[in-house]
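A.B. asks: Residue 83 in the numbering used here sits at position 39 of the sequence shown, with consecutive numbering throughout.
All C-beta atoms, glycine included, are put in the ideal place defined by N, C-alpha and C.
Let me give you the structure first, and then I'll get to my questions.
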Amino acid sequence: MPQRLFIGLFLFLAAVVFAVAPLPPVYRSVGIVLCSYLAFAGAGMPVAYLTALIAPPLGLIQGTGDWLIMLPIVLAGNLLAMLGLEYAWRLPAVIVSPVLLVVPAFVAWQLSQRELFEVALPWAVAERSWVLLHLLVGVAGVLVALFIDRRRTAASTSG
45 MPQRLFIGLF LFLAAVVFAV APLPPVYRSV GIVLCSYLAF AGAGMPVAYL TALIAPPLGL
105 IQGTGDWLIM LPIVLAGNLL AMLGLEYAWR LPAVIVSPVL LVVPAFVAWQ LSQRELFEVA
165 LPWAVAERSW VLLHLLVGVA GVLVALFIDR RRTAASTSG
């Protein structure tokens, strides 16, 4: 139990570092997402929710307007990804969680191109990169969580 607590605390603090680091918003968001998936694998779902939903607003400490504009998209994607991970755990989560992670960004991308919802988001012309990178990190995060879960299950049944 203490080992999981320390792992969860470390991964939460790593996500906070990603959130406040002077990085472009896409890398900050990807770092938080990766830490959230690793927190799920190492410490469980409550720590994953904590990491996914509390770390991004702490990025406002840095004070950039770009992060403030992207924060609703990041928070919505993180919440949906963790819900997909929790409710579709095991093999369906490999598809469900990453897709739910990118749904808010994809919707914002598509709607921002329409005249009624026209808004200049800070990702400039890198919308496709944002969506694909988050999709890739989501799939990798779920696969790592599955791998760690299988190793943990195998170790508990054999020993």
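Taking 8 angstroms as the limit between beta carbons, can you name the residues of its chain near residue 170, skipping five residues before and five after?
C.D. replies: 70, listed in sequence order.
A.B. asks: Quick one: is residue 82 buried, meaning 16 or more other Cβ sit within 10 Å of its Cβ, or exposed?
C.D. replies: When all chains shown are included, residue 82 counts as buried.
A.B. asks: What's the C-alpha gap between residue 101 and residue 115?
C.D. replies: So the alpha carbons of these two residues sit roughly 7 angstroms apart.
A.B. asks: Could you tell me how far apart the beta carbons of residue 96 and residue 80 are, in whole angstroms, since I believe they sit closer than 8 angstroms?
C.D. replies: So it is a contact: roughly 4 angstroms between Cβ atoms.
A.B. asks: Is the separation between the beta-carbon of residue 51 and that of residue 63 shorter than 9 angstroms?
C.D. replies: No, these two residues do not count as a Cβ contact at 9 angstroms.
A.B. asks: Let me know the beta strand (DSSP E) ranges lying completely inside the segment 47–76, each 3 residues or longer, listed in chain order.
C.D. replies: Whole beta strand (DSSP E) segments, 3+ residues: zero.
A.B. asks: Can you list, in chain order, the residues of its chain whose CB lies under 7 angstroms from that of residue 152, leaving out five sequence neighbours each side?
C.D. replies: 117 and 165.
A.B. asks: Taking C-alpha atoms, which residue in 84, 155, 73 and 183 lies nearest to residue 136?
C.D. replies: Considering only alpha carbons, the answer is 183.
A.B. asks: On the premise that residue 186 lies in contact with residue 156, defined as a C-beta separation below 8 angstroms, what is that separation, rounded to the nearest angstrom?
C.D. replies: No, residue 156 and residue 186 are not in contact; Cβ-Cβ is about 28 angstroms, not under 8 angstroms.
A.B. asks: Locate the alpha helix (DSSP H) running through residue 148, then write down its first and last residues.
C.D. replies: Taken as a continuous stretch (DSSP letters only), the alpha helix (DSSP H) holding residue 148 covers 137–156.
A.B. asks: Is it true that the CB of residue 85 sits closer than 9 angstroms to the CB of residue 199?
C.D. replies: No. Outside cutoff.
A.B. asks: May I ask you to report which of helix, strand or coil DSSP gives residue 82?
C.D. replies: In this structure, residue 82 counts as helix in the three-state DSSP scheme.
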